[in-house]
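**Student:**
In this note's numbering, the protein residues as written are 21 to 682.
1) Who are the Cβ neighbours of residue 358 in its own chain at under 6 angstroms, not counting the five residues just before and after it?
2) Please say whether residue 338 and residue 416 have beta carbons closer to each other than 8 angstroms?
3) If we require 4 or more residues per run, which alpha helix (DSSP H) segments fall completely within the stretch 215-284?
4) Evaluate residue 67 with the Cβ neighbour count: other Cβ atoms within 10 Å of its Cβ, from every protein chain shown; 16 or more gives buried, anything less gives exposed.
5) Would residue 153 and residue 107 qualify as a contact pair, given that the criterion is a beta-carbon distance under 8 angstroms?
6) Go ahead and pull the three-state DSSP assignment for residue 309.
7) Can you tell which of 413, 71 and 228 has the C-alpha that lies nearest to the C-alpha of residue 236?
8) Going by DSSP in three states, residue 323 sits in which element: helix, strand or coil?
9) If you count every other CB in all the chains shown that lies within 10 Å of the CB of residue 496, and 16 or more means buried, which is it?
10) Can you check which of these residues, 167, 384 and 326, is closest to residue 206 by C-alpha distance?
11) In the DSSP output, what is residue 148 paired with across the bridge?
12) Compare the beta carbon distance of residue 103 and residue 62 with 8 angstroms and say whether it is the shorter of the two.
13) Go through the stretch 97-134 residue by residue and report every complete run of the alpha helix (DSSP H) that reaches 4 residues or more, in order.
14) Out of curiosity, what's the CA-to-CA distance linking residue 333 and residue 573?
15) Whose CA, out of 679, 99, 87 and 287, lies closest to the CA of residue 243?
16) CB-CB under 7 angstroms to residue 16, same chain, minus the five flanking residues each way: which ones, in chain order?
17) Report yes if the C-beta distance between residue 668 and residue 347 is below 8 angstroms; otherwise report no.
18) Based on DSSP bridge pairs, tell me the residues matched to residue 651.
19) Could you have a look at residue 297 and say whether DSSP puts it in helix, strand or coil?
20) What does the Cβ neighbour count give for residue 563, buried or exposed, with the cut at 16 atoms within 10 Å?
21) Once you ignore the five residues that flank residue 54 on each side, which residues in its own chain have a CB closer than 6 angstroms to its CB?
22) Rounded to the nearest angstrom, what separates residue 665 and residue 354 at their Cα positions?
23) What is the DSSP secondary structure of residue 434, reduced to helix, strand or coil?
24) Over the uninterrupted alpha helix (DSSP H) stretch that includes residue 6, give me the two end residues.
25) Examine the Cβ distances between the stretch 504-517 and the stretch 589-607 and report whether three or more of them are shorter than 8 angstroms.
26) Examine the Cβ distances between the stretch 85-102 and the stretch 390-408 and report whether three or more of them are shorter than 8 angstroms.
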């Protein structure tokens, strides 16, 4: 440890020596040449410091994403680096500043107001922001004859560098006060009628959250507390850059601090006023604000975006994961909102090409590359996602994986994927949720959540709420105290079908069993159910006393149909064509019978993933699989507790992984 500390000390000493040498070189140059060097430094930093460049872009996206295109945002990022390079040069030239060349460097507006305020004898608090070359304020006060104190956050990890910075800041009479020294020196300075500069736009973990460009950000409260407690006048100030190489200092009119006696409310009210003034100034010069720190790191708000491929099952899975993300955020007192964005491709080939292009380009994709998606998406969809601001992007299915990655790279969001991501690499996601039926035998998976079923919204609270809503719609179901069987019937897809003959046998078995056992049937189809099957259900079960609930999804579906039936039923019968539907049934904790669909014959017969999924659940005692002609027999054994299935609980696994990335 001592060796490391010694090396750190030597490295820091060398850095300070080099900075002093470079500063001497810059001071020897004419000011115009020196600023050209600063702009060159900015160009180099823009192209080499990818981490800060990305952070700058993400912050600008959050602030201006709704009004500016990615190209315009990139232009602002580049302009920021260039002007910041000039800021550094001007700071290094502090030793050669004098009253003559200082006034050639800066144009001043409103300073007479400060003199009038100081004449009242109560001191003056300058509230500043990290806009333009804010370090010039310390030199300006000295040349104008102000007794000026500046509050700074010390760089504790780099004491020698911190000392060097403070040496430059105090070259012209300003006194540096550390925020770690306590309020005594601040109060003493104000009571002595000194002016004090405080930067309020970086509150850290202990700051107060107020809206900043539409989203709460942490702001420093120390200055506002002092102003309220000691009745100190407050003025906002800003320093921005003019085109001719000069800077423009503006002091805004005095802010009349609102003091009602309710400290917390007053801090919020007054900070809002100050931040609004600050925000207006930044809007006029967006490239001059310090965007290279995590502006919204301590925000009390977060936004989740779900990418939808139009498949209800996939959307439900993504919503389930979004709910767990919200739960994690709530534990940290962060409010969150969820937006569902349906992705529509120009055609099926556009979908496939988008997957291929995003896969091939993934190592190179960074901020601003969302333009890659424009040729593949419908114009209105691209126009929407170009403006999206997200903290978490969630998608389900392979077709959305590439879109997820590109959008997250555009916004700086965390990437959460469900199911195998097609061509995209697993490491492209911060969290990947992989159902066991997607596993390849013998392959190991790192940092991947392996689930028994598909993520879903089912929970005791959800089932209770949906059951109550179903009872309100069908009061007779609540009044009837007999046992109930929930029947969930899917439909045809690429490799399987639910045939008319299967459902005919199933309905016959169910009617016979329910009649003998005095049970009721609660039935719902899906949007994929074939028309002839729907007709059969209507013919056999509509207006049948055994079936008080019959939902034909293509005609009379309602929000609580599936959840209500899962909540109200004692036994469940589910078709095996939908992984989502089977997962929801098993998660409900009700004994579940799954009948397999009819799988299409192929030249080289293989087991489809739905078949593998159901078989594994059966082997692990989560469900019982049977042919439809065995339905009555199996249900009889379930009702008599001779066959007992167990529920799936994947939510805890997923939740623990999500907590690691939030």
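We treat Cβ as the ideally placed atom computed from N, Cα and C, and that holds for glycine.
**Tutor:** A quick look at the data gives this:
1) Looking up residue 358 in the chain shown gives position 338. Non-local beta-carbon contacts of residue 358 in its own chain, meaning distances under 6 angstroms to residues more than five positions away in sequence, involve 324 and 342 in chain order.
2) Within the chain shown, the letter at position 396 stands for residue 416. Within the chain shown, the letter at position 318 stands for residue 338. In this structure, the beta-carbon distance from residue 416 to residue 338 falls below 8 angstroms.
3) Listed in chain order, the alpha helix (DSSP H) runs fully inside the stretch 215-284 are 242-250, counting runs of at least 4 residues.
4) In the chain shown, counting from the first residue as 1, residue 67 sits at position 47. Residue 67 should be labelled exposed.
5) The sequence position of residue 153 within the chain shown is 133, counting from 1. The sequence position of residue 107 within the chain shown is 87, counting from 1. Yes, the Cβ-Cβ distance between residue 153 and residue 107 is below 8 angstroms.
6) Walking along the chain shown from the start, residue 309 turns up at place 289. In the structure shown, the three-state DSSP call for residue 309 is strand.
7) For this step, residue 236 is matched to residue 216 along the chain shown. When 413, 71 and 228 are compared, the shortest CA-CA separation from residue 236 is found for 228.
8) As a position in the chain shown, residue 323 is number 303, starting the count at 1. DSSP places residue 323 in strand when its eight states are reduced to three.
9) Here residue 496 is taken as the residue at index 476 of the chain shown, counted from 1. Burial check for residue 496: the Cβ neighbour count within 10 Å stays below 16, so the residue is exposed.
10) Translated into the one-based positions of the chain shown, residue 206 becomes position 186. Taking residue 206 as reference, the option from 167, 384 and 326 with the minimal CA-CA separation is 167.
11) Here residue 148 is taken as the residue at index 128 of the chain shown, counted from 1. Beta-bridge partners of residue 148 (DSSP): 219.
12) Here residue 103 is taken as the residue at index 83 of the chain shown, counted from 1. Here residue 62 is taken as the residue at index 42 of the chain shown, counted from 1. A contact, by the Cβ cut-off of 8 angstroms.
13) Note on the stretch 97-134: whole alpha helix (DSSP H) runs with a minimum of 4 residues are 119-125, in chain order.
14) For the purposes of this step, residue 333 is identified with residue 313 of the chain shown, where counting begins at 1. For the purposes of this step, residue 573 is identified with residue 553 of the chain shown, where counting begins at 1. Looking at the two C-alpha atoms, the distance is approximately 14 angstroms.
15) Residue 243 sits at position 223 when you count from the first residue of the chain shown. Cα-wise, what sits closest to residue 243 is 287.
16) Outside the displayed span of the chain (21 to 682) sits residue 16, for which this structure offers no information.
17) Residue numbering aside, residue 668 sits at position 648 when the chain shown is read from its first letter. Residue numbering aside, residue 347 sits at position 327 when the chain shown is read from its first letter. Not in contact: residue 668 and residue 347 (Cβ atoms no closer than 8 angstroms).
18) Locating residue 651 in the chain shown gives position 631, where the first residue counts as 1. DSSP output for residue 651 lists no bridge partner at all.
19) Taking the first residue of the chain shown as position 1, residue 297 is located at position 277. Helix.
20) The count along the chain shown starts at 1 and reaches residue 563 at position 543. Exposed is the call here.
21) On the chain shown, position 34 is the one that residue 54 refers to. The residues 46 and 109, in chain order, have a CB closer than 6 angstroms to that of residue 54 in the same chain once the five nearest residues on each side in sequence are set aside.
22) As a working note, residue 665 is residue 645 in the chain shown. As a working note, residue 354 is residue 334 in the chain shown. Approximately 38 angstroms between the Cα atoms of the pair.
23) Looking up residue 434 in the chain shown gives position 414. Correct three-state label for residue 434: strand.
24) The shown model of the chain, from 21 to 682, leaves out residue 6, and the question about it has no answer.
25) Touching, yes, given that three or more Cβ pairs across the two stretches are closer than 8 angstroms.
26) Segments in contact, yes.
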